[in-house]
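The structure appears right after this line, and notes come after that.
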Ligand code: GLY
C-alpha cells in the first residue's frame, strides 16, 4: 500500500514513521514533509494547491491519503480528494468546522447536550462590554476561526478583556479568524486529551494522553502548541466512564444526527472539573505532540487502521503494554517572536532502539541544520514504565543543542 501524508510538522513526522513501520505499507510520501523526514519521499507542493495535490495523487495512485493538520481539512481538501475517488483519512470540510469555528462547535455541543462552559457570541468591543457581566473573571475570549494557536485569551480583568477585544475586532490582529468570538466562562480543573477514531457512526477510543501547554516549568508562562506529552495516562474508571457517557457517545451520535461526514480522528480537549468533564474544544486531527506518543502504542498496522476508517469501516485495536513520552525542544523566543536560522549542533538523525528524534521546525543548508520554526524537534522515548519513557526522551534531548534552546524539564513528572 502506498500512502501520502499531508503536512510538515512533528505530528506529520510521527505519522510518516508510524506508517513506514506498518507491515502493509510499502511506500510513504509526504507533502510537503520536512527535511528531517527520511522515511518518506517528500514533495514540495503548496498544501493549499488542491489541483496539484490531486495530480500528485493520480500520478502515484495513492491507496490512502492522511491529512495531518486542520487547515487543509477546513479548506475542504478531504472532500476534494474523496470526490476524485481517493481514500482519505480526515473529516469533511463541514465537519472540520468543529475546529474551524468555535461558534459552530459550541452550538453543536449545546444542541447535543454535551457539557461545556456557558458562552456568548461577541462581534465588537461594545458586545464585550455588555456581555462580560454574565461571567466571572478570569474572562475567556476565543476568536471564532483558526488562529494558529493564538486565538485564546485568558483575561484576569475587564480592562485586559477590552484590550484584547480592541486588538481582535478593531486592529484585526488575527485577521479573518477574529471577525467574531466567544466569551466563555472560565472552568477550573485539569486538562485531558481524549482521542477517538470514528467513521461518524461508531468510534474506538485511543489511550489517554496529556500535553503540557505552557512554556514554563510547573505550567507557568504563556500558552504554546504543546511542550511535551506522555501516554498512556490512567484516570479513575468513574471519571473515564463519565467522559464516555456525557461527552464521547453524545458527540458521535450528534455527528450522525447532524449528518456530518466524519472519517478520521477526533481530538476532544476536556477540562475535568469538580462537576465532571467539560469540553474545551474539538480538534479534527491528531494533537501535536499527542500523536508522537499515541501512535507508537498501537499493537498493529496504522496503514490498515486508517484505511479502514477512510472506507467507513471500524478497526479492532489493541495496544502495546508500553509507555511513550515526548519532550519538545523549542526555539529561542517561542511562543512569541521565534529566532530562526540558529545552527543546531549534534546528531539530528540520532536514534536508539527505544528513542528517536522527530523533526518539526528544522531546515538544512548544505550539511548544517538550522532552526526554522517555534517547535524544532521532538524527543520521543519508549519504555516499559512511564519513568523509563521519560528518561529516554530526556537522554536523547541531550544529543542536540543550539543557542536559546528551550525545554521543559518536568514533562510527565506529576504522573511519577
Ligand atoms: N497539543 C495541542 C494541539 O495539538 O492542539
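Numbering (our numbering), first residue to last: 5 to 420.
We put the beta carbon where it would ideally sit given N, CA and C, even for glycine.
Query, Result
"Could you spell out where the beta strand (DSSP E) holding residue 157 opens and where it closes?", "156-159"
"Give a single yes or no on whether residue 230 has its beta carbon closer than 7 Å to a heavy atom of the ligand GLY.", "yes"
"Between residue 313 and residue 93, is the Cβ-Cβ spacing less than 8 Å?", "yes"
"Would you identify the three-state DSSP class for residue 405, choosing helix, strand or coil?", "strand"
"Please state whether the Cβ-Cβ distance between residue 80 and residue 10 is less than 8 Å.", "no"
"From the DSSP output, in three-state form, read off residue 107 for me.", "helix"
"Considering only C-alpha positions, which residue in the set 51, 85, 102 and 336 is nearest to residue 286?", "102"
"Could you tell me the distance, in whole angstroms, from the CA atom of residue 201 to the CA atom of residue 208?", "5 Å"
"Note the first and the last residue of the continuous alpha helix (DSSP H) segment covering residue 310.", "306-314"
"Please go through the segment 318-364 and give each complete alpha helix (DSSP H) segment of 4 or more residues, from N-terminal end onward.", "none"
"Just curious, the alpha helix (DSSP H) that residue 14 is in, first and last residue?", "14-24"
"At 4 residues or longer, and completely inside the segment 272-296: list those alpha helix (DSSP H) runs for me, N to C.", "none"
"Between the C-alpha atoms of residue 238 and residue 276, what's the straight-line distance to the nearest angstrom?", "13 Å"
"How far does the beta strand (DSSP E) with residue 381 in it reach, from first residue to last?", "379-387"
"Spell out a yes or no on whether the segment 345-364 and the segment 33-41 are touching, meaning 3 or more CB-CB pairs, one atom from each, closer than 8 Å.", "yes"
"Identify which residue in 155, 383, 280 and 399 has its Cα closest to the Cα of residue 232.", "383"
"Under a Cβ-count criterion, where at least 16 other Cβ atoms within 10 Å of its own Cβ denotes burial, should residue 1 be classed as buried or exposed?", "There is no way to answer for residue 1, as the model of the chain reaches only from 5 to 420."
"So, with DSSP's three-state summary, where would you put residue 28?", "coil"
"List the whole-angstrom C-beta distance separating residue 296 from residue 362, where the pair is believed to meet the contact cut-off of C-beta under 8 Å.", "6 Å"
"Which residues in the same chain have their Cβ closer than 7 Å to the Cβ of residue 152, if we skip the five residues on either side of it in sequence?", "none"
"Taking the alpha carbon of residue 133 as the reference point, which residue from 405, 300 and 167 has its own alpha carbon closest?", "167"
"Can you tell me where the alpha helix (DSSP H) holding residue 10 begins and where it ends?", "Premise fails: residue 10 lies in the beta strand (DSSP E), 6-11, not in any alpha helix (DSSP H)."
"Among residues of its own chain, excluding the 5 on either side of residue 448, which ones have a beta-carbon nearer than 7 Å to its beta-carbon?", "Nothing about residue 448 can be reported from this structure: the residues present for the chain run from 5 to 420 only."
"Could you tell me whether the Cβ atoms of residue 401 and residue 329 are closer together than 8 Å?", "no"
"Should the segment 293-309 be called in touch with the segment 213-226, which here means at least 3 C-beta pairs below 8 Å?", "yes"
"Considering just the uninterrupted stretch of the beta strand (DSSP E) at residue 186, what are its terminal residues?", "185-189"
"Here's the rule I'm using: 16 or more other beta-carbon atoms within 10 Å means buried, otherwise exposed. How should residue 224 be labelled?", "exposed"
"Does the contact criterion of 3 or more C-beta pairs under 8 Å hold for the segment 303-317 versus the segment 362-372?", "no"
"How would you write the range of the beta strand (DSSP E) that residue 195 sits in, first residue to last?", "194-202"
"Should residue 292 be listed as close to the ligand FMN, given that the test is whether its C-beta is under 7 Å from any heavy atom?", "Among the ligands modelled here, namely the ligand GLY, the ligand FMN does not occur."
"Is any non-hydrogen atom of the ligand GLY found closer than 7 Å to the C-beta of residue 241, if you look at the structure I gave you?", "no"
"Using the three-state DSSP reduction, which class does residue 182 fall into: helix, strand or coil?", "helix"
"Hey, would you say the C-beta of residue 287 is under 7 Å away from at least one heavy atom of the ligand GLY?", "yes"
"Near residue 172, what residues of its chain come up, given a Cβ to Cβ distance below 7 Å and the 5 sequence neighbours on each side ignored?", "147, 178, 182 and 185"
"Starting from residue 427, trace the alpha helix (DSSP H) both ways and give me its first and last residue.", "Residue 427 lies beyond the range of the chain shown here (5 to 420); nothing can be said about it."
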